[in-house]
Each structure stands twice: as structure tokens, then as C-alpha cells.
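Read the structure below first, then the notes.
Numbering (our numbering), first residue to last: 22 to 242.
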């Protein structure tokens, strides 16, 4: 099937062999950059979220892990229906199961039958924001974040100019943020006591960080 989920899941779970990977990714990107049509006949703009329960949880991770963070950010920041930002613009303070559960134009209409207003699958974009955008990533060899990785992905689409967040680990708060500053990016990190972190930017190891606050200015590319 030529739909977003049919590409996102095989890519994320390593099921695409190297001989077909380039074409597979190109087809995946095409499902994002073209106009799509919903089951009810609504034509949707490029970078609309056309995934269901399973695909939504993995689509941005699949894009980033295949080297397409540009598309991941374009998908994140698209504002028309269906998108993550659309319900926010309708007044949402949680993540809804149906992205048009309520609209300024139609109210609740008939879209809240069997509908969750705090939905994990669509809310899984939060994992991508932590793991990829601000780049707080666990080290599988060091349970509990005794050691972890900081791999922030600065937005190559220029849709956003900064990102900031934190994770409460068993050792204390881990902080990560980045801000574009001309041709450079300013990064701030907080590494809790009794832990250490490896800083990786654009796939390259930059530094080993000991506990404390760290501020760096690095070229964007």
C-alpha cells in the first residue's frame, strides 16, 4: 500500500533491505509532499498527518532515523487538518483521538463518539520531541540514565528557531535546549550529579559532558 504507515513502520523496525532502501524512502517522502484525500473525500495539504493509531506513533521517528528530519519538522508544524497543530488552534489542551473532535466552526458535531480526548498514539509525538528535537536519548547499556546521549536535531526546515525541554531522570533533571543564532546554534544542557552524557551533533561525537550546566555555540552545519 502506498500510504504513510506502510513506509514508516518497516523503516523504523529495520525491515527494508539496503537494495530497496533509497527508493523506499523516496516513496515515503512522496506520501508527505503530495496532496492526499481522506476516506470522507477531504483533500489534504502536503505534510498532512494521514496515519492511524499505529503509524502516528512512529512516523517522525522513522523520518529522523532515515535522515529526513526536514520532513519530520514540516510534518510537526503543519497547521491544517489533519495535523498535530490543528486541534491546538481549535483550543485543545490535550491530544485528541480525532484531530477534528471539536472545531470553532462545527463545535463537537458528531466527532466525539467513541473518542478519547487524551490519546497516547497521537501524543507519541512527545517522544520524538524529547528524543530527537532536543535529543535526550537513553543509553541502553546504562539503565536509569546513569549515562545518556544528547543528540539534538536543529530544525533544517527553518519552521522553528528554538526548542527547549527536560526529562526527570532517577538522578535528577536532564535539560536540553537549542536556539538558532545566525549561522550558529546555541545549546544549553544540564547533566545531573552522578551521571555523564555524550554530546552528538549531526552524527558526530562532540564532547563527553560531566555533571553540571554546559553552554555551547556551534555551527549549524
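Idealized CB from N, CA, C, for every residue including glycine.
Nearest residue (CA-CA) to residue i, options the options
i, options, result
"residue 133", "39, 30, 53 and 117", "117"
"residue 38", "87, 186, 101 and 93", "87"
"residue 126", "223, 115 and 108", "108"
"residue 203", "184, 242, 173 and 234", "242"
"residue 79", "139, 210, 147 and 183", "147"
"residue 185", "32, 154, 130 and 110", "154"
"residue 15", "221, 161, 234 and 226", "Outside the shown range of the chain, which is 22 to 242, sits residue 15, and nothing can be said about it."
"residue 226", "213, 214, 236 and 170", "170"
"residue 221", "48, 237, 24 and 26", "237"
"residue 145", "105, 27, 63 and 23", "105"
"residue 89", "43, 63, 131 and 123", "43"
"residue 55", "128, 24 and 41", "24"
Cβ pair residue i, residue j closer than 7 Å
i, j, result
"residue 96", "residue 68", "yes"
"residue 205", "residue 177", "no"
"residue 77", "residue 34", "no"
"residue 201", "residue 182", "yes"
"residue 149", "residue 173", "no"
"residue 139", "residue 114", "no"
Contacting residues, own chain, Cβ-Cβ under 8 Å from residue i (five flanking each side not counted)
i, result
"residue 103", "59, 65, 69, 70, 71, 120 and 121"
"residue 74", "142"
Close Cβ partners of residue i (< 7 Å) along its chain, the five nearest in sequence each way excluded
i, result
"residue 166", "159, 190, 191, 192, 195 and 216"
"residue 229", "217 and 219"
"residue 92", "50, 53 and 84"
"residue 57", "65, 69 and 71"
"residue 26", "72, 73, 75 and 76"
"residue 231", "212 and 217"
Cβ-based neighbour list, residue i, same chain, cut-off 6 Å, excluding 5 preceding and 5 following
i, result
"residue 157", "151, 188, 195 and 197"
"residue 137", "118"
"residue 82", "33 and 149"
"residue 208", "199 and 237"
Buried/exposed call for residue i, threshold 16 Cβ in 10 Å
i, result
"residue 163", "exposed"
"residue 52", "buried"
"residue 100", "exposed"
"residue 223", "exposed"
"residue 110", "exposed"
"residue 46", "buried"
Those residues which DSSP pairs with residue i across a bridge
i, result
"residue 158", "170"
"residue 185", "198"
"residue 76", "Residue 76 pairs with nothing; no bridge assigned."
"residue 46", "DSSP lists no partner for residue 46."
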